[in-house]
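**Q** All you need for the numbering used here is the position in the sequence shown, starting with 1, plus 97.
Using N, Cα and C, we set each Cβ at its ideal position, and we do this for glycine too.
One structure is given below, represented as structure tokens, and several questions about it will come after.
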Amino acid sequence: MHFELFKVFFIIVAVIVGVIFILTILMVASPKIRAKFMGRQVKATKYMIDEVEDDLTDIATKRANINKEGVEITAKAIKDGLKDKVYCKYCGKKIDKDSKFCKICGKEQ
Ligand SMILES: [Zn+2]
Numbered sequence: 098m099h100f101e102l103f104k105v106f107f108i109i110v111a112v113i114v115g116v117i118f119i120l121t122i123l124m125v126a127s128p129k130i131r132a133k134f135m136g137r138q139v140k141a142t143k144y145m146i147d148e149v150e151d152d153l154t155d156i157a158t159k160r161a162n163i164n165k166e167g168v169e170i171t172a173k174a175i176k177d178g179l180k181d182k183v184y185c186k187y188c189g190k191k192i193d194k195d196s197k198f199c200k201i202c203g204k205e206q
């Protein structure tokens, strides 16, 4: 009895493996079949994009905003770095070259 069950199971597995094997060979050999499968995949992708269009737009917008923020921070850092800086004569903190008073300790330069 157990042996019979095993035999049936083995035949089913063999048939599945055989079908997959034949399909793979056909896909490789026949451009027509490959195109059919690809067409189905493209359709599925299109459908998926249509379904989640709002979410995708949201993600793209958020990502663009994050990138914008990053660029702004970098641009500001570069601008600050290019500004002429000197050190306060009294407290030694970095201040703008053209400032009359130190913004940290308030003493006249
Ligand atoms: Zn100072």
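#1: By Cβ distance, which residues of its chain are closer than 6 Å to L123, with the 5 residues on each side in sequence left out?
#2: Is C187 near ligand 1, in the sense that its beta carbon is under 6 Å from a heavy atom of that ligand?
#3: Compute the Euclidean distance between the alpha carbons of I146 and L153, then round it to the nearest angstrom.
#4: Going along the chain, which unbroken runs of the beta strand (DSSP E) with 3 or more residues stay wholly within the region 118-149?
#5: Which of the three DSSP states, helix, strand or coil, is assigned to I201?
#6: Would you say the beta carbon of I201 is closer than 6 Å to some non-hydrogen atom of ligand 1?
#7: Tell me where the beta strand (DSSP E) around K191 begins and ends.
#8: When you compare each of T158, V149, A172 to K180 by their alpha carbons, which one comes out closest?
**A** Straight from the coordinates:
#1: I130
#2: As written in the sequence, residue 187 is Tyr, which differs from the Cys given in the question. Result yes, Cβ under 6 Å from ligand 1.
#3: 8 Å
#4: none
#5: coil
#6: yes
#7: 191-193
#8: A172
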